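Chemist:
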Amino acid sequence: AMAVDVGAATTPATLGPLTGRQQDPSMVEHKVIAIRIVGLRILKNLAKDPLNSLRIGATRGLLTRLATFTQVSQAMLRSAEKQEQDLELLQVRKSLELLNLLAATPGSAGRTLRQDIARIVFTVSNLRNIVQFGEAHVALQLCAIEILSSLAMDEDVQAMIGRTGGVIRCLLSVLLRLQKQKQKQKQTQNHGEVGKGEADSPHIQLAQKAGEALALLALKSEDNCARMGRLKVMPDGTVVSPEEEEEEEEE
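Residue numbers for the sequence shown follow my numbering, so the first one is 199 and each next one is one higher.
(1) Between Gly364 and Gln403, which are expected to be in contact by the criterion C-beta below 8 Å, what is the C-beta distance as a whole number of angstroms?
(2) Going by alpha carbons, who is nearest to Leu260 out of Thr321, Arg375, His401?
(3) Which residue wins for smallest C-alpha separation from Ile318, given the options Asn243, Ser371, Val355?
(4) For the alpha helix (DSSP H) that Met451 lies in, which residues bound it at each end?
(5) Going straight from the alpha carbon of Ile287 to that of Lys229, what length do you get?
(6) Taking C-beta to C-beta, are Pro248 and Ala307 nearer than 8 Å?
(7) Using a Cβ-Cβ cutoff of less than 6 Å, which residues in the same chain neighbour Ser251 once the five nearest sequence positions on both sides are dropped?
(8) Which residue marks the beginning of the alpha helix (DSSP H) containing Ser224, and which one marks its end?
(9) Can you name the start and end residues of the alpha helix (DSSP H) that Ala408 belongs to?
(10) Ignore the nearest five residues each way along the sequence and tell me which others in Val392's own chain have a CB closer than 6 Å to its CB.
Pasting the structure below:
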């Protein structure tokens, strides 16, 4: 059995009012999250050993708890004011990093872990939301895309990801976003302004990872290839699926 339980501190009541005075709920919640982050860091170090990764995956309820920690609101993802060291975002990042290690575990143990992670109904949709709305937090997007790439190495999981609405579309949007940024950069240079060096842009790495994920999803999957073929790039650069076009027409 694993000695570390990141789910132990799930409610403010677990900390207990040791002083007998009522504590500010927001402060208690911050303490709870801080304790979780410590547990996640310990588990991440343990997960570097494939045998420990398998044990972590076999710990009842732990993978579900980790997937729950990756749920984050659109407002928080869109907010550039939220820094990576914000406790809530740090919890999301540490959970993603741990899931990334588990999903990349080699051998039959890794295959089992990837299937277990993907079977949690909200795992893939949480990853999709981070990719779709997390442009202000590239580190989170990178980690989410890397997890999708690892999960896509198994054919059954590959099909499951393809069936989850919007995943392929979001990955393609990330890939095309780089092209739009390059065009803007050229326009800036043409006007004599000094822009940030292209080689320094984290969005290049993000686009590369998105391309790799799309390639893995398309590999030996006719259904996913067909899904990619049905996507349309609009004049403003956004990517839409036929289902979304139908909804817009009805409105």
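Even for Gly, the Cβ is constructed at its ideal location relative to N, Cα and C.
As the structure is a computational prediction, the values presented were derived from the model and not from experiment.
Modeler: Once the coordinates are examined:
(1) Within the sequence shown, numbered from 1, the residue matching residue 364 stands at position 166. Within the sequence shown, numbered from 1, the residue matching residue 403 stands at position 205. About 22 Å separates the two Cβ atoms, so there is no contact after all.
(2) Translated into positions along the sequence shown, residue 260 becomes position 62. The candidate whose alpha carbon is nearest that of Leu260 is Thr321.
(3) Here residue 318 refers to the residue found at position 120 when the sequence shown is read from its first residue. Proximity to Ile318 across Asn243, Ser371, Val355 peaks at Val355, based on C-alpha coordinates.
(4) What is shown of the chain runs 199 to 449, which leaves residue 451 out entirely.
(5) For the purposes of this step, residue 287 is taken as residue 89 along the sequence shown, with counting starting at 1. For the purposes of this step, residue 229 is taken as residue 31 along the sequence shown, with counting starting at 1. Per the sequence shown, the amino acid found at residue 287 is Leu instead of Ile. Taking the straight line joining both Cα atoms gives about 14 Å.
(6) As a first step, residue 248 must be located in the sequence shown, where it is residue number 50. As a first step, residue 307 must be located in the sequence shown, where it is residue number 109. Yes.
(7) Locating residue 251 in the sequence shown gives position 53, where the first residue counts as 1. Ala245, Leu300, Thr303.
(8) For the purposes of this step, residue 224 is taken as residue 26 along the sequence shown, with counting starting at 1. Start and end: 223–244.
(9) Here residue 408 refers to the residue found at position 210 of the sequence shown. Secondary structure note for Ala408: its alpha helix (DSSP H) is the uninterrupted segment 400–416.
(10) For the purposes of this step, residue 392 is identified with residue 194 of the sequence shown, where counting begins at 1. Here Val392 scores only 46 on pLDDT, less than 50, and its place in the model should not be relied on; the value that follows carries that caveat. Listed in chain order, the non-local C-beta contacts of Val392 below 6 Å within the same chain number zero, local neighbours out to five positions each way being set aside.
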